[in-house]
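Residue numbers (this note's numbering): 14 to 78.
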């Protein structure tokens, strides 16, 4: 996914997403949860997440909060 696609999916500008990615801006809790939802529900990234021991469990706990 491109920065533009991710930003559009989570409802922020590409410039804001880029600033978060490069550490120039902190992400809000809302953006964090939106990113979790996007990457957790994308088949390609979901497969990668599942391969990392414990990460998918941690994500499920965060989403359930």
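Think of the CB as a built atom: it goes at the ideal place given N, C-alpha and C, for glycine as much as any other residue. In this text the structure is predicted, and so the values were computed from the model without any measurement.
Kindly list the residues whose CB is nearer than 6 Å to the CB of residue 38, restricted to its own chain and excluding five residues on each side of it in sequence; keep chain order. 32
Please state if the CB of residue 44 and the CB of residue 25 are separated by a distance shorter than 8 Å. Remark: C-beta atoms of residue 25 and residue 44 approach each other more closely than 8 Å.
How big is the Cα-Cα spacing for residue 65 and residue 59? 10 Å
What residue range does the alpha helix (DSSP H) around residue 17 cover? Note, residue 17: alpha helix (DSSP H), 16-23.
Assuming residue 17 contacts residue 27 (C-beta within less than 8 Å), just tell me the rounded distance between them. 5 Å
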